[in-house]
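Notes follow once the structure below has been shown.
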Amino acid sequence: MKTLCIAGKNNIAVDILDFVSENFNLAIKVVLNKTDNGKNNFQKSLKLAAEKKKIEIVNLEDLYTIENLFFISLEFDRLIIPEKFSSKNLFNIHFSLLPEFKGMYTSALPILLGKKYSGVTLHEIDAGIDTGDIIDQRRIEILPNYTSRDLYLKYIQVGTELVKINLPDLLNMNYKKYQQPYENSTYFSKKSLNFQNLEVDFNSTAYQVVNQLRAFSFREYQLPKLFDKRIYKWEVLSEKSNKNKKLIEFECENYAIINTIDFKVKLFFDFYEQLWESCKRNDTNSIKKYLNYIDDINLRSNEGLNALMYSVANGCLEAVELLVSHGADINTLDYDGKSVLDYAEENSQKNNGERILSFLKLIKK
Numbered sequence: 002m003k004t005l006c007i008a009g010k011n012n013i014a015v016d017i018l019d020f021v022s023e024n025f026n027l028a029i030k031v032v033l034n035k036t037d038n039g040k041n042n043f044q045k046s047l048k049l050a051a052e053k054k055k056i057e058i059v060n061l062e063d064l065y066t067i068e069n070l071f072f073i074s075l076e077f078d079r080l081i082i083p084e085k086f087s088s089k090n091l092f093n094i095h096f097s098l099l100p101e102f103k104g105m106y107t108s109a110l111p112i113l114l115g116k117k118y119s120g121v122t123l124h125e126i127d128a129g130i131d132t133g134d135i136i137d138q139r140r141i142e143i144l145p146n147y148t149s150r151d152l153y154l155k156y157i158q159v160g161t162e163l164v165k166i167n168l169p170d171l172l173n174m175n176y177k178k179y180q181q182p183y184e185n186s187t188y189f190s191k192k193s194l195n196f197q198n199l200e201v202d203f204n205s206t207a208y209q210v211v212n213q214l215r216a217f218s219f220r221e222y223q224l225p226k227l228f229d230k231r232i233y234k235w236e237v238l239s240e241k242s243n244k245n246k247k248l249i250e251f252e253c254e255n256y257a258i259i260n261t262i263d264f265k266v267k268l269f270f271d272f273y274e275q276l277w278e279s280c281k282r283n284d285t286n287s288i289k290k291y292l293n294y295i296d297d298i299n300l301r302s303n304e305g306l307n308a309l310m311y312s313v314a315n316g317c318l319e320a321v322e323l324l325v326s327h328g329a330d331i332n333t334l335d336y337d338g339k340s341v342l343d344y345a346e347e348n349s350q351k352n353n354g355e356r357i358l359s360f361l362k363l364i365k366k
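Each residue of the sequence shown is one higher than the last, beginning at 2 in the numbering used here.
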């Protein structure tokens with residue numbers, strides 16, 4: 002029997018594991034990334050999925066002696082050394098339109114550099130870094146409003162489709178490939194960007210500033226800042242910058258207008274953390290204020306909870322009523338699939354718990 006190993010993380014690895022286990026008669030193994038703690042976050046955990054399916058979790062070294070192995074790397078975090086494997090059937094999904102953007106930060110760099118297209122590439126693994134022969138590719142248009150988070154999610158979607166389409170041919174060793182050309186080949190190392198100390202260079206054109214804001218906007222990891230204030234959206238104004246004035250032309254609680262090299266840019270500050278904290282405290286006055294400063298009342302935090310879930314979990318009846326009146330969706334789910342009503346059921350014995358549960362059930366009808 003052929004052995005297929007999925008090495009990697011996140012939705013692409015989990016969705017391919019589901020696809021393979023449901024559609025192929027294979028011995029399936031998985032190798033986990035070092036950061037996989039077995040809990041779902043904004044992406045699904047391969048460890049959790051494998052354990053639920055009782056799929057064998059192995060170390061990378063356990064695969065070296067398997068001759069009939071098909072290995073596919075899906076955001077795997079370790080360098081593969083082909084000569085250590087008995088099998089030559091080693092494949093990788095890389096989030097770029099190779100030969101461009103080998104290496105790191107493929108969700109940020111194309112946006113930062115003003116590219117209009119990126120893509121996903123299925124290629125053989127060789128001794129280099131993303132230098133193996135190309136098997137298949139899909140081009141992705143980078144829309145003007147895309148952030149690095151948007152592009153990453155598009156990579157996940159297209160990459161999953163690319164694997165599903167090509168997997169039967171990979172397993173039958175019935176595929177064509179071609180060597181990567183040297184033209185337009187680029188590589189970026191881990192040192193290309195320092196995400197521990199990201200700073201937007203505002204002494205740039207409005208176009209360059211916006212590209213930086215887009216490239217650095219990935220809420221689950223970081224948002225760009227104007228000094229100590231997090232920025233979650235922006236607007237280029239038609240008004241030219243004042244050349245002799247300092248960076249900040251105007252600032253109030255929820256936004257600032259800055260001068261760039263050419264045009265003014267309006268930067269909107271992020272208040273989701275303040276909203277969620279207010280929901281935990283049943284601080285309805287603050288909730289009302291922060292609702293004016295956000296776009297999505299149902300946005301989930303890194304914990305997977307939204308404003309309504311925090312209010313329900315903390316027995317904040319007035320906050321629950323206020324959020325629902327402003328369009329909060331009681332059918333939303335957290336990262337583990339728990340609903341607002343599930344939180345209400347769990348907390349029904351706490352202060353205001355029964356009243357909250359009754360209120361939500363009435364709305365549900």
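Yeah, the Cβ is synthetic: ideal placement off N, Cα and C, and Gly gets one too.
State the DSSP-derived secondary structure class of residue i, mapped to helix, strand or coil.
i, result
"Ala308", "helix"
"Tyr153", "helix"
"Gly9", "strand"
"Glu291", "Here residue 291 is Tyr; the residue named in the question, Glu, does not match the sequence. If DSSP states are grouped into helix, strand and coil, Tyr291 belongs with the helices."
"Ile67", "coil"
"Asn286", "helix"
"Leu27", "coil"
"Val266", "strand"
"Glu240", "strand"
"Lys230", "strand"
"Glu254", "coil"
"Gln223", "strand"
"Ile298", "coil"
"Val15", "helix"
"Leu33", "strand"
"Ile364", "helix"
Using the rule of at least 16 other Cβ atoms within 10 Å of the residue's Cβ for burial, across every protein chain shown, is residue i buried or exposed?
i, result
"Lys35", "exposed"
"Met2", "exposed"
"Glu101", "buried"
"Phe71", "buried"
"Tyr344", "buried"
"Cys280", "buried"
"Asn24", "exposed"
"Tyr179", "exposed"
"Phe77", "buried"
"Met174", "exposed"
"Glu124", "Reading the sequence as shown, one finds His at residue 124 and not Glu. Buried, since its Cβ has 16 or more Cβ neighbours within 10 Å."
"Ile157", "buried"
"Phe92", "buried"
"Phe86", "buried"
"Ile187", "Note that residue 187 is Thr in the sequence shown here, rather than Ile. Its Cβ having fewer than 16 others within 10 Å, Thr187 is exposed."
"Tyr291", "buried"
"Ser74", "buried"
"Cys253", "exposed"
"Gln181", "buried"
"Tyr311", "buried"
"Gly133", "buried"
"Asn12", "buried"
"Lys362", "exposed"
"Lys155", "buried"
"Leu224", "buried"
Assuming residue i and residue j form a contact by the criterion Cβ under 8 angstroms, report the distance between their Cβ atoms to the nearest whole angstrom.
i, j, result
"Lys365", "Leu342", "7 angstroms"
"Val369", "Val266", "No answer is possible for residue 369: it lies beyond the span of the chain, which begins at 2 and ends at 366."
"Ile298", "Val321", "Incorrect: roughly 12 angstroms between the Cβ atoms, too far for contact."
"Asn204", "Ile262", "7 angstroms"
"Gly39", "Leu27", "At roughly 23 angstroms, the Cβ-Cβ gap does not stay under 8 angstroms, so Gly39 and Leu27 are not in contact."
"Ile143", "Lys117", "6 angstroms"
"Leu300", "Asn307", "6 angstroms"
"Pro83", "Asp131", "Contact flag wrong, Cβ pair sits at about 13 angstroms."
"Leu276", "Ile258", "Actually they do not touch by this definition, with Cβ atoms about 23 angstroms apart."
"Leu163", "Val121", "6 angstroms"
How about residue i: is its Cβ closer than 7 angstroms to a heavy atom in the ligand COA?
i, result
"Asn293", "Although the ligand COA was asked about, the structure shown includes no ligands whatsoever."
Those runs of the alpha helix (DSSP H) which lie wholly inside the segment 73–128 and span at least 4 residues: 110–113
Between the segment 275–291 and the segment 239–251, can you find at least three pairs of beta-carbon atoms closer than 8 angstroms? no
Count the CB pairs spanning the segment 94–103 and the segment 38–56 that are closer than 8 angstroms, and state whether there are at least three. no
Should the segment 216–225 be called in touch with the segment 137–153, which here means at least 3 C-beta pairs below 8 angstroms? yes
Touching by the beta-carbon criterion (3+ pairs, under 8 angstroms), the segment 65–81 and the segment 101–110: no
May I have a chain-ordered list of the alpha helix (DSSP H) segments no shorter than 4 residues that lie completely inside the segment 131–219? 149–172, 207–216
Meets three-Cβ-pair contact criterion under 8 angstroms: the segment 4–22 and the segment 163–174: yes
Would you check if there are 3 or more beta carbon pairs closer than 8 angstroms linking the segment 257–271 to the segment 220–234? yes
Could you give the uninterrupted runs of the alpha helix (DSSP H) lying entirely in the segment 313–357, keeping only those of 4 residues or more? 318–326, 341–347
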